[in-house]
Every structure is written in C-alpha cells, then in structure tokens.
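> Before we start, here is the structure in question, set down as structure tokens.
Number of protein chains: 2
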Amino acid sequence: MIKSPTLLSCGDCPIRHNAVCATCDAAELAMLEKVKSYRTVAAGALLAEAGQPLTHLSSIVSGCATMSRTLEDGRRQTVGILLPSDFIGRPGRATSVFDIETLSEVTICRFERQTFETLVASTPHIATRLLSMTLDELDAARDWAVVLGRLTAREKVAAFLVSLARRQAVSSGKMVPQGATVLHLPLSREAMADHLGLTIETTSRQMTALRRDGLIETPSNREIRIPDFEALALEAADDDDGGLIA
Amino acid sequence: MIKSPTLLSCGDCPIRHNAVCATCDAAELAMLEKVKSYRTVAAGALLAEAGQPLTHLSSIVSGCATMSRTLEDGRRQTVGILLPSDFIGRPGRATSVFDIETLSEVTICRFERQTFETLVASTPHIATRLLSMTLDELDAARDWAVVLGRLTAREKVAAFLVSLARRQAVSSGKMVPQGATVLHLPLSREAMADHLGLTIETTSRQMTALRRDGLIETPSNREIRIPDFEALALEAADDDDGGLIA
DNA sequence: CGATTCATTGATTAGTTTCAACCGCAGTGG
DNA sequence: CCACTGCGGTTGAAACTAATCAATGAATCG
C-alpha cells in the first residue's frame, strides 16, 4: 500500500505555487523542507477515517481522493474532491470528521500535526495562506450546497463536469475553459453519484442524455470531450461565471 | 430601515466570548473599540447581495439572518443560518458571493473592510480566531451537504430542528440539549424549505408528521417543543453526536 | 371587517430511485 | 485457447418520494 517516496525538494514541487506553502519565502521553505515527508499510497486506500485520530496534516501532491461521510445504513455523500494542492486535515482538531479515500495512486506531502500547528502559529505566510485556502473551500462547499439542494439530476451532472473542467483548467495554467475541452474523469460513476447525491443509475442516464444531446462526447468511460464548454455551463443552471471575482 | 445604534462597549457585548474577537486581550479590544460601529437593521433587509461590493465585514450581535443564492429562474438555496457571533463577509474578497437577508431585527458590529484586514494581519489573536471559526463553518457546510444530498424530507426537517436546538443550547450556556427542549424558530416555513432544499408544502407536511408521531409539539408556528431530544436526533439519521470532538 | 400573508392539507404529476437484466472487458484457470 | 467470473457501466420497467397545482384555514393588520 505505502510505496517508498521519491525525494523532492520544495523548489521542484509541482504544487509549490498553489498549496499551503504557496506564499512562503526561501527561509520558510527551508523550515518546511526539514519537517515534511512524502508518502505515496495506492488507489482505494483510506487516508483518514471519520471519528479516528489524524496524526498528520498533508497536501496532495499528485493523484485524486474523495472526502466523504457514510451513514449507518450505507448512504454515502462525498463532500469534496481532493486534487493536487488541496489540503487534508483540520488544524486544531485531533480527529478527522470525514473519510478520505484515494481514487488513484496519491502522493502527499505530510507534516506531523504538532509540528505543523507550531509552524502555523509562527509563520504568518502559512497562516494567511491557510486562511485564504479555507475561505475558498468554504465558498466552494456552499456553492455545492446549491447544487445538491436545488439542481435537477441533469443539471447536477453538468455542474460537476463544469466544475471539474474549471479546476483542471486552473491547475494547468489557462484560467478558464473555453470552446472545446478534454477532461479526464478521476472518478467512477459511483463516486460521481456519491458526490452528486444521486444513484449510479441516474448519473449514468444523465451522462447518456448529455451525450445524446451533443453536450459531451465520451471517447472512453474516463474521458470526456466537451465540444462547447459554454453550452455545458448553461445546462448547469448555476449562474457562477467561473469565480473570477477575486 | 437603519436605526440608531445603542452604544455598547466590547466588555458588555453579548457575543464577546464567541465572535471573532473572542480571544482578544484588553489592548486588542481597545483597538477594535475604536474602529467598530454598530448598526441595527429591520427584518427583511438585504445586508449583502450576491455579486455586489461588500464594504464592511461584521459580526451578528443579535437577531437572525440567512445566507442564500437565487438562480435565474427563482430557485433559492439557503447555505447558512446566521446567528449571534456569526461572521458576515469574506476577508480578501471585495464582493459578496451570497445574499444576506435579515429574518428579524438584526444588530451587527461592523468594520470597514480595509481596516479589518489590516487588523487581521497585525493581530494574531484575531487571525487565529478567524481561521478557527472558518474551519468550523467549513465543517458545518460539509455536514449540511450530507443532509442536502442524502437525507429524506423527514430526516432533513428533523436534522434542521436538531441542529438549531444544538446551536441555541450552545449559545445559552448548556452544551448539549437533552430530554425536553424548547426551541424558538427564527425562520418561516419558506426559509426552512429554502435551507432544506424542499418546497414549503413538503416541509409543512413533515412538520405535521413529526408532530403526529409525537416527536415535536408546536405551541405556536414559531415555537417547537421537543419532548425527547435524543429521539428526534435519531430521526435525523445523521450520526453526528453533537460535535464534541473539539 | 375585508385584505393580506403564512401555513396546512388534498389530489395529481413528475423525477428519481429501486429492482433487475444485460453488456463489454479484463483477468483467470481449466 | 476459451469458457468463466467479476466488475463497472448502461438500460428498462415499476415503485415511490417529493413537487406541483389548487383550495382552505388561521393569524395579522389596516
């Protein structure tokens, strides 16, 4: 399950400019360098479990994971898709509130909780960045509440593809997807359904419907081509214009 | 709409120990005192509008408000119920992402954005407290996603009453509601429905059903008596035990 | 007292879930 | 080599939950 990590210096780190360390200067990076450690985990692993102690805080360096909660009777809701530069764990709380499960092989950059909390307290660059990231996540979580509470199944699926396309566009440099876009789906239909508050079947049907209507093409199950991004965004009913407000 | 504020010193402030200023010392309070101003607004006022500039950040001192978004076609989702000590506005962003609407007469303690952001940068006690509050809100937003995505109408209504009872218990000193509890509903059925992702009619029917089943009593439309809090919590299916993890 | 607003209740409809079957593909072992 | 099995995904039919449409009741306010 846990593979030996590839050594990486912060300067070469792919999430150097997006993660919690984004605004750190050279001296601060040197401190982080001393206390960080990488870990690579196979797909399907539990990085954290609801109610269980979480000894390390970490950033996703590569790969994809979900944050979810499962009710006693088995109903599951995924409350977040974790992609590179996303943060795992909650400073100031010793146990995890959600399950964190890897969807692909995932490499994380981790810090022992106590060490990290000391660092936050003593390094304003990190504290400020953490606050900013947390505020962004809060906005995203509330945006998602609108999707879960008020959109139809078709709109939910469209909204999910649109949000994923936006995140992949951001992390690959170009800020906003436009016109034709190709999208790699890091999730199974089941994981999508868990995030959308739908069943697998409904999710699949809506994917089929979007394909039938020419809004998406599916070269393979995990690849989506969006011929006209704006048209798909329109299906999502969410009047979010891409979050360019900042 | 805007009434003349009652003068109040921070030491006497009802949210002194719960708001963003909770961990400030006397010197820090003195600084806040100089730059704060109170404002009291009638029920039904818009404190902020999605997409519009938000010049002040504030804390709710008394009263109740909702944070919501409305889609072009009129569908509305409330993403948060704001009660005393809750924070309004997002440091680092000049415009509001949501509508903030008062449900009752509301008094807020407000700070000009620039001033507050300077204060956050220079006062670790405020920055830390703000981070901690934001993290709590993030957890709450994600918890609510589970409600919106996976609970039935009956469970949603029960979950809402349970969460409101918990918040009112916390703010009135006792930490956890137990046995028989009386609850003041600051929201109309419509506001409840908007928060639950349901229609007014369904919300009303589920209230009736919970009353029929003896889980709640309704002396008036805005008053709920919960004879057995644990029984109601059980109806909510949400295995949250009250968030005592902190 | 009529008008208005908010809440409840009933009947019907629509959208999503549930139950079930089937397909395509990859891995496995006779 | 190829039937067998397991898994993820798709599709169909029936069941069910919540939404919609419509009417009534209760409370508040000029």
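Protein chains in written order, with this note's numbering: chain A, 3 to 248; chain B, 3 to 248. C-beta atoms are modelled at their ideal positions from N, C-alpha and C, and glycine is treated no differently.
Residues of chain A with CB closer than 7 Å to the CB of leucine 189 of chain B, please, in chain order.
Correct list: empty, because the minimum Cβ distance to chain A is about 15 Å.
> Enumerate in chain order the residues of its own chain whose CB-to-CB distance from leucine 2 of chain A is below 6 Å, with the five nearest sequence positions on each side excluded.
Since the first and last residues shown for chain A are 3 and 248, residue 2 of chain A lies out of range.
> Could you work out which residues of chain A lie near glycine 76 of chain B, taking near to mean beta carbons separated by less than 9 Å?
Going along chain A, no residue has its Cβ under 9 Å from glycine 76 of chain B, so there is no contact; the nearest lies around 10 Å.
> Going by alpha carbons, who is nearest to proline 86 of chain A out of A:Lys36, A:Met177, A:Thr68, A:Pro93?
A:Thr68
> Of the choices B:Asp27, B:Ala160, B:Val164, B:Leu105, whose alpha-carbon is the least far from that of alanine 47 of chain B?
B:Leu105
> Which whole-angstrom value is the C-beta distance of arginine 144 of chain A and histidine 58 of chain A, which I expect to be below 8 Å?
Rounded, the Cβ-Cβ distance is 28 Å, inconsistent with contact.
> Kindly list, in the order they appear in chain B, the residues whose Cβ is closer than 8 Å to that of leucine 73 of chain A.
Listed along chain B, the residues sitting closer than 8 Å to leucine 73 of chain A by beta-carbon distance are Val148, Arg152, Ala239, Asp240, Asp241.
> For chain A, check one thing: does any of its Cβ atoms lie closer than 8 Å to the Cβ of alanine 248 of chain B?
For alanine 248 of chain B, the predicted structure reports a pLDDT of 37, less than 50, and the residue's modelled location is therefore unreliable. A value from the coordinates is still provided. At least one chain A Cβ lies under 8 Å of alanine 248 of chain B.
> Quick one: any contact between the region 9-17 of chain B and the region 28-35 of chain B, if contact means 3 or more CB pairs under 8 Å?
yes
> Tell me, please, whether the CB atom of leucine 137 of chain A is closer than 8 Å to any CB atom in chain B?
yes
> With three or more C-beta pairs closer than 8 Å as the rule, is the region 223-242 of chain A touching the region 133-153 of chain A?
In the pairwise beta carbon analysis, the region 133-153 of chain A is classified as touching the region 223-242 of chain A: at least three pairs are separated by under 8 Å.
> Determine whether the Cβ of glycine 244 of chain A lies closer than 8 Å to any Cβ atom of chain B.
Confidence at glycine 244 of chain A is low in this model, with a pLDDT of 49, below 50, so its placement is unreliable and the value that follows should be read with caution. Chain B contact via Cβ: absent.
> Give me the chain B residues within the contact set of alanine 129 of chain A, using Cβ-Cβ distance strictly less than 9 Å, ordered along the chain.
Pro126, Ala129, Thr130, Leu133
> Go ahead and label methionine 194 of chain A buried or exposed: buried means 16 or more other beta carbons lie within 10 angstroms of its beta carbon, across all protein chains shown.
Burial call: buried.
> Counting contacts by CB-CB distance shorter than 8 Å, is arginine 214 of chain B in contact with chain A?
No - not a single Cβ of chain A is within 8 Å of the one on arginine 214 of chain B.
> Between A:Thr136, A:Gly76, A:Thr120, A:Asp75, which lies nearest to glycine 91 of chain A when the distance is taken from Cα to Cα?
A:Thr136
> Counting contacts by CB-CB distance shorter than 8 Å, is valine 99 of chain B in contact with chain A?
yes
> Considering threonine 80 of chain A, what are the terminal residues of the beta strand (DSSP E) in which it resides?
78-84
> Would you call aspartate 27 of chain A buried or exposed, if buried means 16 or more other Cβ atoms sit within 10 Å of its Cβ?
Under a 10 Å Cβ-count criterion, aspartate 27 of chain A is classified as exposed, with fewer than 16 other Cβ atoms of the shown protein chains found around its own Cβ.
> Would you call glycine 244 of chain B buried or exposed, if buried means 16 or more other Cβ atoms sit within 10 Å of its Cβ?
Note that glycine 244 of chain B scores a pLDDT of 49, beneath 50, so its modelled location is shaky and nothing firm can be said.
> Give me whichever residues DSSP pairs with glutamate 112 of chain B in a beta bridge.
Note that residue 112 of chain B corresponds to arginine in the displayed sequence, not to glutamate. Note: arginine 112 of chain B sits in a beta bridge opposite B:Ser39, B:Ser60.
> Starting from isoleucine 218 of chain A, trace the beta strand (DSSP E) in both directions and tell me its first and last residue.
Isoleucine 218 of chain A -> no beta strand (DSSP E), and no H or E assigned at all.
> Would you grab the beta carbon distance between isoleucine 110 of chain B and serine 61 of chain B for me? Rounded to a whole angstrom, and I think it's under 8 Å.
7 Å
> Mind checking if glutamine 180 of chain A is an interface residue toward chain B, Cβ cutoff 8 Å exclusive?
By this cut-off, glutamine 180 of chain A is not an interface position.
> Considering only C-alpha positions, which residue in the set B:Pro93, B:His186, B:Thr80 is nearest to glutamate 114 of chain B?
B:Pro93
> Leaving out the 5 sequence neighbours to the left and right, which residues in its chain are closer than 7 Å to arginine 169 of chain A when beta-carbon positions are compared?
Leu85
> With H, G and I counted as helix, E and B as strand and the rest as coil, what does DSSP make of arginine 229 of chain B?
This sequence places proline at residue 229 of chain B; arginine is not what is there. If DSSP states are grouped into helix, strand and coil, proline 229 of chain B belongs with coil.
> Output, in sequence order along the chain, the residues in the region 82-106 of chain B whose CB is closer than 9 Å to any CB in chain A.
Look at the region 82-106 of chain B: the residues with a C-beta under 9 Å from a C-beta of chain A are Gly82, Arg92, Pro93, Gly94, Arg95, Ala96, Thr97, Val99, Phe100.
> In chain A, what lies closer than 7 Å to glutamine 79 of chain B by C-beta?
Ala147, Val148, Gly151, Arg152
> Nearest-angstrom Cα distance between serine 165 of chain A and arginine 77 of chain B?
20 Å
> Determine the chain B residues that contact serine 141 of chain A at a beta-carbon separation under 8 Å, and present them in chain order.
Sequence inspection shows aspartate at residue 141 of chain A; the serine mentioned does not correspond to that position. Arg92, Val99, listed in chain order.
> Give the secondary structure of serine 87 of chain A by DSSP, where H, G and I count as helix, E and B as strand, and everything else as coil.
coil
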